[in-house]
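See structure below.
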C-alpha cells in the first residue's frame with residue numbers, strides 16, 4: 001500500500017478495466033504487439049524532474065534489464081523494446097500479442113514510475129538512492145521495521161490530498177494492534193487477507209462504540225491449499241486422496257465459526273466475480289462420509305482400532321506448511337487437521353516464517369502449502385501463468401496426467417485476441433484444476449478498515465494491495 005502513495009503507473013486498473021493514469025490515452029496495433037501511449041503533460045516528479053517519454057523509457061528499460069526477478073509477470077518476458085516517439089508519446093513493442101499487458105502495466109510494481117534521478121548508475125536492480133515518484137504523497141522519513149512518514153505532495157497533478165500527513169507503523173499481529181488503537185497510538189487500521197490479524201468480536205465492539213467506522217471490501221482473494229502432485233511417493237499424487245481432502249474440510253466452520261463470518265466459504269479457486277470465471281463446476285461440499293468412501297475405494301483402509309488409514313503398510317500421512325506470521329492460518333490449519341483426522345488422514349503441521357514458506361513454494365519442498373491468491377486485477381491470467389513449470393504453482397500441476405495440455409492452453413489464452421476463445425480456454429484451464437483438486441479452495445477473504453468516525457471517503461480499490469489515501473477527507 002505504501003508504494004501506491006508515492007508511485008504511479010501509466011494505466012490504472014478499475015472495475016471497468018484499465019483506465020488512464022499517467023497515460024491519458026493509448027492505442028494498440030492490429031496484431032496486438034505495439035502499444036502507443038500518450039502521456040499527461042505538465043506532470044513532474046516530486047524532485048521537480050519532468051515526467052515524460054524519456055523517463056518512461058528509462059523506468060521500463062531498467063525493469064527489463066532485471067526481468068528474471070519479475071518472472072511471475074508474463075509481460076516482462078514479452079517486452080522487446082520501449083521507444084520514445086516524442087516528448088509525450090512512448091511506444092511499447094511486444095514479441096507477441098498479450099492481452100493482459102495493460103492490466104500488468106497498472107500493477108503497483110514493477111512498472112511504476114520513479115524519478116530517474118533515484119537510479120544508481122542508470123539501474124534500479126541494485127537499489128536506489130531515493131524514493132521519488134509522481135504520486136500524491138512524498139516519503140519524508142523511514143525507519144525500517146518501525147514506521148514510515150508521508151506528507152501530501154502540494155504539486156500533485158491530481159490535486160493535493162485532503163489528509164496532509166500519514167505515518168504508517170509496523171505493528172505485530174493480534175491484540176497488540178488493537179491495544180495501540182485503543183491507546184490512540186494509531187487511529188487507522190487495515191487488515192490483510194492472508195491472515196485475519198484482528199479478533200472479529202473486538203472489531204465489532206469497536207464499531208459499536210461510535211468512535212470508529214468499520215469498512216469492509218467485497219471478497220478480494222481466496223485462501224487455498226497448494227497440493228504438490230509432483231512427488232510420486234506421496235499419497236497426494238493420487239487424485240482420490242486430493243478429492244477426499246477437499247470433501248473432508250468444513251469450510252463453513254472455517255469461515256463462520258473460526259473467522260466469525262468475515263470470510264466466505266469458497267467452492268472454487270476463483271470466485272464467479274473474477275473475469276472469465278463464472279464457470280459451472282462440480283460442487284464438493286463438506287461431506288466426510290463421501291471422503292471416507294473415496295479413500296476406501298482407493299485402498300486406504302482403517303484397520304480395527306486404528307486412527308489413521310493404511311495401505312500396503314504405509315500410513316496415509318502428509319504435511320501442511322502454513323505462514324506462522326499470518327494470524328488465522330495456524331487456527332485454520334489446526335481445524336483442517338481435525339477434519340482430516342475424522343476421515344483417517346494424519347496431517348502434520350509446520351508453521352514457518354514468510355521467507356521459508358516462499359522458498360518451499362519456489363522449490364516444491366512441500367506436501368500441502370497454505371497460500372492466498374493475488375486477487376483481481378492479477379486474476380485470472382497471473383494465476384493461470386504460474387501453473388506452468390517454474391511458476392509459483394507449478395508443482396501443483398507437475399504430476400497431472402494432462403499437464404502439458406494444460407500448459408499449452410495457458411500459453412494460448414494469454415496470447416488470445418478473441419473474447420469467446422479466451423473465455424473457452426479459461427473454462428478449460430480452471431475446469432482441469434478444479435477436477436484434479438490440485439489447488440483446494442478454503443475461503444474468500446476481504447479487507448477490513450477501522451478508521452476514525454470523522455474520516456470520510458474510506459473505500460477500497462479493485463486490488464487488495466492499495467488503499468486510495470488521496471481520497472480521504474476529515475469532516
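Residue numbers (the UniProt record's numbering): 1 to 475. Cβ coordinates follow ideal geometry from the N, Cα and C atoms, glycine included. None of the values given here were measured: they were computed from a predicted structure.
- In chain order, 136 place their CB closer than 6 Å to the CB of residue 156, counting only its own chain and leaving out the 5 sequence neighbours on each side.
- A contact between stretches requires three or more CB pairs, one per stretch, nearer than 8 Å, and the segment 453 to 461 fails this requirement with the segment 401 to 413.
- Residue pairing of residue 152 in beta bridges, as defined by DSSP: 137.
- Using a Cβ distance threshold of 8 Å, residue 472 and residue 458 count as a contacting pair.
- Beta-bridge partners assigned by DSSP to residue 57: none are found.
- DSSP links residue 214 through a beta bridge to 450.
- Judged by DSSP secondary structure, residue 256 falls outside any alpha helix (DSSP H); it is assigned neither H nor E.
- Its Cα nearest to that of residue 326, the residue 355 stands out among 342, 23, 355, 314.
- DSSP, read as helix, strand or coil, puts residue 388 in coil.
- Within the segment 89 to 133, the complete alpha helix (DSSP H) runs of at least 4 residues fall at 101 to 105.
- Listed as beta-bridge partners of residue 165 by DSSP are 151.
- Closest option to residue 138, judged by alpha-carbon separation, among 165, 121, 125, 124: 165.
- Between residue 248 and residue 335, the CB-CB gap reaches or exceeds 8 Å.
- Its chain contains 330, 351, 352, 353 as the residues whose beta carbon lies nearer than 8 Å to that of residue 324, once the 5 sequence neighbours on both sides are disregarded; these appear in chain order.
- Approximately 5 Å separates the beta-carbon atoms of residue 223 and residue 443; this is inside 8 Å, confirming the contact.
- Looking from the CA of residue 123, the closest CA among 86, 61, 51, 16 belongs to 61.
- Residue pairing for residue 142: DSSP places it in a beta bridge opposite 148.
- The three-state reading of DSSP puts residue 203 in helix, counting H, G and I together.
- Going by C-alpha positions, residue 132 is about 60 Å away from residue 307.
- For residue 95, the number of other beta carbons within 10 angstroms of its own is below 16, and it is reported as exposed.
- At the C-beta level, residue 188 and residue 5 stay beyond 8 Å of one another.
- As a beta-bridge residue in DSSP terms, residue 320 pairs with 349, 368.
- Under the three-state reduction of DSSP, residue 18 is assigned to strand.
- The segment 256 to 264 makes no contact with the segment 414 to 431: fewer than 3 CB pairs, one atom from each, lie closer than 8 Å.
- In the displayed model, residue 224 falls within a strand according to three-state DSSP.
- With contact defined as three or more Cβ pairs closer than 8 Å, the segment 279 to 288 and the segment 363 to 372 are not in contact.
- Sequence-distant partners of residue 470 (beyond 5 residues in either direction) whose C-beta falls short of 6 Å from its own C-beta, in its chain, are 136, 161.
- Here DSSP, grouped into helix, strand and coil, assigns residue 274 to coil.
- Around the Cβ of residue 101, a 10 Å sphere holds 16 or more other Cβ atoms; the residue is buried.
- Note on residue 403: 16 or more other CB atoms within 10 angstroms of its CB, so buried under the neighbour-count rule.
- In the three-state DSSP reduction, residue 246 falls in the helix class (H, G or I).
- Our two residues, residue 390 and residue 383, have alpha carbons roughly 13 Å apart in a direct line.
- In the structure shown, the three-state DSSP call for residue 414 is helix.
- Per DSSP, residue 333 is one residue of the alpha helix (DSSP H) stretching across 329 to 341.
- The beta carbon of residue 82 sits closer than 8 Å to the beta carbons of 56, 57, 60, 61, 64, 90, 91, 92, 93 from its chain, once the five residues preceding and following it are set aside; these are given in chain order.
- Looking at the backbone, the Cα of residue 114 and that of residue 134 are separated by about 7 Å.
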